[in-house]
C-alpha cells in the first residue's frame with residue numbers, strides 16, 4: 033500500500049485499502065455464514081486474494097492515471113468510466129481463466145484443498161468487482177482530479193538565459 037501511495041497518489045492508496053478491506057471482510061463473512069472450517073490453507077488463500085485484488089486494482093488505477101494525463105477535457109467521472117471500460121475485458125478474462133483453474137482445483141484437488149479453493153473462488157469473484165467498482169468509485173468519493181496527478185510547476189522559477 034505504501035507502493036500505491038508512492039507510485040500514484042494517497043487517494044489511490046485509500047481506494048485500494050477500501051477494496052482490500054471489502055474483499056477480506058466478504059471472504060471471511062462467507063466462511064462465517066457457511067460455517068466452513070477456517071484453517072491455515074484458508075489464511076493462505078486469503079493472502080492470495082489480497083495480492084490478486086491489489087494487482088487488479090493497480091491495473092485499473094494505472095489506466096486511470098494514464099487517462100487523466102491523456103484525456104484533457106473530460107471530467108473525473110468520464111475519465112474513470114473510460115478507464116474502467118478499457119480495462120474491463122482484461123480484468124474479466126483474467127478472472128475467468130483463474131476461476132476455471134480454481135474450479136478444477138476444487139473438483140479434482142481432493143478434500144484437503146476444498147476450503148482453500150473455495151476461499152480463492154469467492155475471493156476472485158469479490159476481488160474482480162471490487163477492483164472495478166469499489167476502488168474506482170472510492171476515487172470519486174475522495175474527489176480525485178487531474179490536478180492531483182499532474183506535477184505543479186514552480187512559480188518562482190526564473191529563466192535568466194543561462195545554460196549549463
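Numbering (the working numbering), first residue to last: 33 to 196. Every residue gets a Cβ at the ideal spot worked out from N, C-alpha and C, and that includes glycine. Values in this document were obtained by computation on a predicted structure and should not be read as measured data.
Practice item. Answer yes if the stretch 78-89 comes into contact with the stretch 135-155, meaning at least three C-beta pairs across the two stretches below 8 Å, and no otherwise. Key: Put simply, the stretch 135-155 touches the stretch 78-89. At least three CB pairs are less than 8 Å apart.
Check your understanding: Can you find a CB in chain D that lies within less than 9 Å of the CB of residue 69?
Key -> Reference to chain D is not applicable here, since this structure consists of a single protein chain.
Review point. With a cut-off of 8 Å, do at least 3 Cβ pairs link the stretch 127-146 to the stretch 54-65?
Key: Below 8 Å, too few C-beta pairs join the stretch 127-146 and the stretch 54-65 to call them touching: fewer than three.
Point to revise | Rounded straight-line distance, which links the Cα of residue 98 to that of residue 72 | key: Taking the straight line from one Cα to the other gives about 39 Å.
Review point. For residue 135 versus residue 88, is the C-beta spacing smaller than 9 Å?
Key: No; because the gap between Cβ atoms is not below 9 Å, this pair is not in contact.
Check your understanding: Which of helix, strand or coil does DSSP assign to residue 186?
Key -> The predicted model places residue 186 with a pLDDT of 48, which falls under 50 and marks its position as unreliable, so this point remains unresolved.
Practice item. Can you tell me the Cβ-Cβ gap for residue 112 and residue 172, rounded? I've got them flagged as a contact below 8 Å. Key: About 6 Å separates the Cβ atoms of residue 112 and residue 172, confirming a contact at the 8 Å cut-off.
Check your understanding: Between residue 128 and residue 59, what straight-line distance do the alpha-carbon atoms span, to the nearest angstrom?
Key -> One C-alpha to the other measures close to 18 Å.
Practice item. Could you please give the first and the last residue of the uninterrupted alpha helix (DSSP H) stretch that includes residue 135? Key: Here the alpha helix (DSSP H) through residue 135 covers 108-140.
Review point. How about residue 148 and residue 74: are their beta carbons less than 9 Å apart?
Key: Yes, Cβ-Cβ distance for residue 148 and residue 74 is below 9 Å.
Check your understanding: Terminal residues of the continuous alpha helix (DSSP H) containing residue 98?
Key -> That run of the alpha helix (DSSP H) goes 72-102.
Exercise for review: For residue 40, name the three-state secondary structure that DSSP assigns.
Suggested key: Residue 40 falls in the coil class under three-state DSSP.
Point to revise | For residue 36 and residue 90, believed in contact at Cβ under 8 Å, the rounded distance | key: That belief holds up - the Cβ atoms of residue 90 and residue 36 are roughly 7 Å apart, short of 8 Å.
Review point. So what does DSSP say about residue 143, is it helix, strand or coil?
Key: Note: residue 143 maps to helix in three-state DSSP.
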